[in-house]
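In order, the protein sequences belong to chains A, B, C and D.
The first sequence begins at 1 in UniProt numbering and counts up one residue at a time.
The second sequence begins at 1 in UniProt numbering and counts up one residue at a time.
The third sequence begins at 1 in UniProt numbering and counts up one residue at a time.
The fourth sequence begins at 1 in UniProt numbering and counts up one residue at a time.
Just below is one structure, and these are the notes that go with it.
4 protein chains.
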Amino acid sequence: MASVKTRLIFRAAVDVFSERGFEKATMDEIAAKASVAKGTIYYHFKSKEDLFVFLVEEGTELLREKVLSHLTEEMSSSEKIREIVRAQLAFFTEYRDFCIIILRETWGDEARHREFRRMLVHYVQSIRQVIAQGVDEQIFSVENAEVAAWSLFGSTSITALHHLFADPAVDLLALAPSLQAIALGGLHAKEIT
Amino acid sequence: MASVKTRLIFRAAVDVFSERGFEKATMDEIAAKASVAKGTIYYHFKSKEDLFVFLVEEGTELLREKVLSHLTEEMSSSEKIREIVRAQLAFFTEYRDFCIIILRETWGDEARHREFRRMLVHYVQSIRQVIAQGVDEQIFSVENAEVAAWSLFGSTSITALHHLFADPAVDLLALAPSLQAIALGGLHAKEIT
Amino acid sequence: MASVKTRLIFRAAVDVFSERGFEKATMDEIAAKASVAKGTIYYHFKSKEDLFVFLVEEGTELLREKVLSHLTEEMSSSEKIREIVRAQLAFFTEYRDFCIIILRETWGDEARHREFRRMLVHYVQSIRQVIAQGVDEQIFSVENAEVAAWSLFGSTSITALHHLFADPAVDLLALAPSLQAIALGGLHAKEIT
Amino acid sequence: MASVKTRLIFRAAVDVFSERGFEKATMDEIAAKASVAKGTIYYHFKSKEDLFVFLVEEGTELLREKVLSHLTEEMSSSEKIREIVRAQLAFFTEYRDFCIIILRETWGDEARHREFRRMLVHYVQSIRQVIAQGVDEQIFSVENAEVAAWSLFGSTSITALHHLFADPAVDLLALAPSLQAIALGGLHAKEIT
DNA sequence: CATGAATGAGACTTCATTCAT
DNA sequence: AATGAATGAAGTCTCATTCAT
Chain A
1 MASVKTRLIF
11 RAAVDVFSER
21 GFEKATMDEI
31 AAKASVAKGT
41 IYYHFKSKED
51 LFVFLVEEGT
61 ELLREKVLSH
71 LTEEMSSSEK
81 IREIVRAQLA
91 FFTEYRDFCI
101 IILRETWGDE
111 ARHREFRRML
121 VHYVQSIRQV
131 IAQGVDEQIF
141 SVENAEVAAW
151 SLFGSTSITA
161 LHHLFADPAV
171 DLLALAPSLQ
181 AIALGGLHAK
191 EIT
Chain B
1 MASVKTRLIF
11 RAAVDVFSER
21 GFEKATMDEI
31 AAKASVAKGT
41 IYYHFKSKED
51 LFVFLVEEGT
61 ELLREKVLSH
71 LTEEMSSSEK
81 IREIVRAQLA
91 FFTEYRDFCI
101 IILRETWGDE
111 ARHREFRRML
121 VHYVQSIRQV
131 IAQGVDEQIF
141 SVENAEVAAW
151 SLFGSTSITA
161 LHHLFADPAV
171 DLLALAPSLQ
181 AIALGGLHAK
191 EIT
Chain C
1 MASVKTRLIF
11 RAAVDVFSER
21 GFEKATMDEI
31 AAKASVAKGT
41 IYYHFKSKED
51 LFVFLVEEGT
61 ELLREKVLSH
71 LTEEMSSSEK
81 IREIVRAQLA
91 FFTEYRDFCI
101 IILRETWGDE
111 ARHREFRRML
121 VHYVQSIRQV
131 IAQGVDEQIF
141 SVENAEVAAW
151 SLFGSTSITA
161 LHHLFADPAV
171 DLLALAPSLQ
181 AIALGGLHAK
191 EIT
Chain D
1 MASVKTRLIF
11 RAAVDVFSER
21 GFEKATMDEI
31 AAKASVAKGT
41 IYYHFKSKED
51 LFVFLVEEGT
61 ELLREKVLSH
71 LTEEMSSSEK
81 IREIVRAQLA
91 FFTEYRDFCI
101 IILRETWGDE
111 ARHREFRRML
121 VHYVQSIRQV
131 IAQGVDEQIF
141 SVENAEVAAW
151 SLFGSTSITA
161 LHHLFADPAV
171 DLLALAPSLQ
181 AIALGGLHAK
191 EIT
């Protein structure tokens, strides 16, 4: 990812893949948007799939880093959960294209789908650990930490995605208080959070 | 939807679209799986997109009916939420292919994506009403019923989808207790539910 | 051409063939316009080509009859030529669809093209005889009566066709005086006619 | 029109379009005749229609140039008309395929037909000007120069086309004297020309 | 490193024709 | 006589990938 061209291609690819989806995206459009010749993409990436997987790995890893980097030892488990929700919304705001790609291209049986789920599972495991710790500390009381982790990821990302498409100008971070309250206290919420 | 062939095509299309996604699915494969000639599909449906939209409308409407049909006046708002979670998991078990199609093909800017989101918004609005009623009755305490509705839908469907791909033999209904508890009480849950 | 249905199909076919051309015309559209089922066309005509040839034969024969029927023994050769031009323009006005079909579908190497040219040659031969008689009577002085006949047909029909497309509301008969003068006297024309 | 492949495709297209007509011509046959892959045609031309329109524009423009290039200031109007007839027959001899395409594919309501008529109108306007000048100089006496121009074009091209199909080996230039005499003097012709 | 012309497999779609009713 | 559902061959066009320069 050193070369200037590589970066140009990377950015163009994120753009095009998120707008069109993997199948509908064309190497021609990516090349045009990156202002390089089509052959140049193939000099840097083995194939369309290769480019896509590379991009998705970078993106998911970045999501994981961004979200986890704000968690510190001093935080309570509840604070950690609030921070996870906030950081994920912040990431979706900054990299809204990744947000779309992530939820579009995860569910399927091709190699890239599996690769992608592997990355996502890795990310969700990190959330699971935070939840599991909260359970150990008897702050949380969920039976199944893994289900809770996927639930949290699903809740946050689908809500964000819906709002992105319903109103492209939406401020996702404004959703944070509601989503945090729901995550911690559910529909009964109230005083607890 | 009357004709025998139409039903054959419908079933085959659900199969192929869910396995391959809209773009990767081919009319050839649908025709083969339905045991009809390719031209026959075009006799009944205007285009690949038309077939897909028809299928998605039927599916989403069925989801809405299945989920709403079990809600009765006598239920408390909490019971209604539990039933929504249960019924949605039951639907995803019975029509797992629709579940995959729904989450794959909703996010995009083409006509079928918008059409599809329109259907989904309709379904989520139904959930929102149940939540809003609970808020009126001071059983629930969420600020934003719409966010809560999308959160519930995202939580349930992403969790279900993950488990379907992680373990095709999974019993989705076994997830119900955890998801219901999380929906109502969040991570703090415990005694409340 | 007895049956009611046959006539319905005939009229619809003229319509569609003239608007779309032979290749672009579809049996579906003809059937719809004739308000009969597609199979019904095949009950009355062997094939699309058969229908077309039948229609073209009827049309060309009608053109020939209409044009020749006004020629009488008493007319001078010049009057006959004027009448031919007038009658052809009148025919093109009344059956403008045939006019288009005739000039679109004559030039090619398929069976229907040859069949069609055979009909047209027959018609032009009739004009040739009128010209040849005028030459015998030393009223006309062209060397090659056949060339003169094709020239007359080409002059009248291309001019008519151009005006039909340039202005669909054109009154073709208004072109008669000019075309008659040109036919008889050429560009030098003047007093002779 | 620079690239070698482009020229190969161009020639093959003229061949196939003139033999089959626009609708019946296939990109497969054009590709085969040009000895290029089908995709190569689409690399150079946007569509079948695009290729056809390009070809027709080149052809009609060439016809116009060829015919007009022989007209000089010193010629009398009559000589100019004779030259127009001769040059058009010479063009039809050299590019007989264009001649066929021109008269087959001009009359219709699709984009390419209209584009084509626009080109043809441009050409015929050139003839009209020659005629109009002759009228100004009181050499010609036609009332309507435009009708005369279309008449001349129709006379020459339909006669040529008929002879090309009736006898592929015909020498079109042998028709020149007759057609010139008819153009200038009509059927009465004789001494005038 | 970079290019972009060329490729060909494969997709969607159309439509004349058939045939059981 | 008439119907219209069903067919499948055939056509246009797309696009990931290659390769000679």
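Yeah, the Cβ is synthetic: ideal placement off N, Cα and C, and Gly gets one too.
Here the structure is a predicted model, which is why all the values come from computation and not from measurement.
Kindly list the residues whose CB is nearer than 6 Å to the CB of residue i, restricted to its own chain and excluding five residues on each side of it in sequence; keep chain order.
i	result
C/Ile192	Unreliable placement is indicated for C/Ile192, whose pLDDT of 43 sits below 50; the coordinate value is still reported in the next sentence. So the list reads Gly185, once near-sequence residues are dropped.
B/Glu49	Arg112
D/Val56	Phe116
B/Ile101	Phe17 and Ser18
I want to verify the contact list: residues of chain A whose CB lies under 9 Å from the CB of residue i, in sequence order.
i	result
B/Ile100	Trp107 and Gly108
Given that residue i touches chain C, what residues does it touch there, using C-beta distances under 9 Å?
i	result
D/Ala59	Before going on, a small fix: residue 59 of chain D reads as Gly here, not Ala. The contacting residues do not exist; D/Gly59 stays about 15 Å from chain C at best.
Counting only the same chain and skipping the five closest in sequence on each side, list residues whose C-beta sits under 8 Å from that of residue i.
i	result
C/Val4	none
D/Gln180	Ile81, Arg82, Val85, Arg86 and Thr193
C/Glu137	Ser77
B/Val135	Ser141, Val142 and Ala145
C/Ser157	Gln88, Phe92, Cys99, Ile102 and Leu103
A/Arg64	His122, Tyr123 and Ser126
In chain A, which residues lie with their C-beta within 8 Å of the C-beta of residue i?
i	result
B/Phe92	Correct list: empty, because the minimum Cβ distance to chain A is about 12 Å.
Comparing alpha-carbon positions, which option in the options lies nearest residue i?
i	options	result
B/Ser178	A/Ala160, A/Thr6 and A/Val147	A/Val147
C/Ser69	C/Val135, C/Ile127 and C/Ala166	C/Ile127
A/Tyr43	A/Glu58, A/Glu57 and A/Met27	A/Met27
A/Leu51	A/Gln125, A/Arg112 and A/Leu161	A/Arg112
A/His122	A/Ile30, A/Trp150 and A/Phe91	A/Trp150
residue 196 of chain C	D/Arg64, D/Ile9, D/Gly21 and D/Asp109	Given that chain C is displayed from residue 1 to residue 193, the structure contains no residue 196 of chain C and the question cannot be resolved.
B/Gly21	B/Thr159, B/Leu62, B/Gln125 and B/Arg104	B/Arg104
A/Glu58	A/Thr40, A/Ile131 and A/Phe10	A/Phe10
B/Ala145	B/Val124, B/Ile158 and B/Ser47	B/Val124
B/Phe153	B/Asp167, B/Ile182, B/Pro168 and B/Ala166	B/Ile182
D/Ala176	D/Thr159, D/Lys38, D/Leu71 and D/Lys66	D/Thr159
A/Asp167	A/Thr40, A/Thr93 and A/Leu63	A/Thr93
C/Glu74	C/Val130, C/Ser47, C/Ile30 and C/Leu187	C/Val130
C/Ala90	C/Gln133, C/Leu161, C/Glu29 and C/Leu187	C/Leu161
Quick one: which chain D residues come within Cβ less than 7 Å of residue i?
i	result
C/Leu161	Trp107
Starting from the C-beta of residue i, find all residues in its chain whose C-beta is less than 7 Å away, skip the five residues before and the five after it, and write them out in chain order.
i	result
C/Arg96	Leu164
B/Lys33	Ala12, Asp15 and Val16
C/Phe54	Phe45
C/Trp107	His113
C/Leu8	Ala34, Ser35 and Val36
B/Val170	His163 and Leu164
Chain B partners of residue i, CB-CB under 7 Å?
i	result
A/Arg112	Here the premise fails: no neighbours, minimum Cβ distance about 12 Å.
A/Leu179	Val147 and Ser151
For residue i, go through chain A and note every residue whose CB falls closer than 7 Å to its CB, in chain order.
i	result
B/His188	Phe140, Ser141, Leu184, Gly185 and Ile192
B/Leu175	Val147
What does residue i touch in chain B if you count any residue whose Cβ is under 8 Å from its own?
i	result
A/Gly21	Glu23 and Gly108
Output, in chain order, the set of chain D residues within a Cβ distance shorter than 8 Å of residue i.
i	result
C/Arg104	Arg104, Trp107 and Gly108
Is the beta carbon of residue i within less than 6 Å of some heavy atom of the ligand ZN?
i	result
D/Glu79	The ligand content of the structure shown is nil, which means the ligand ZN is not present either.
Mind listing which residues of the stretch 144-171 of chain B have their C-beta closer than 7 Å to chain A's C-betas, in chain order?
Within the stretch 144-171 of chain B, the residues whose Cβ lies closer than 7 Å to some Cβ of chain A are Asn144, Val147, Ala148, Trp150, Ser151, Phe153, Gly154, Ser155, Ser157, Ile158, Thr159, Leu161, His162 and Phe165, listed in chain order.
Relative to chain D, which residues along the stretch 112-134 of chain C have a C-beta separation below 9 Å, given in chain order?
Along the stretch 112-134 of chain C, going in chain order, the ones with a CB nearer than 9 Å to a CB of chain D are His113, Arg114, Arg117, Leu120, Val121, Val124, Ile131 and Gly134.
Residues, ordered as in the chain, of the stretch 74-92 of chain C that lie near chain D by beta-carbon distance below 7 Å: Answer set for the stretch 74-92 of chain C: Ile81.
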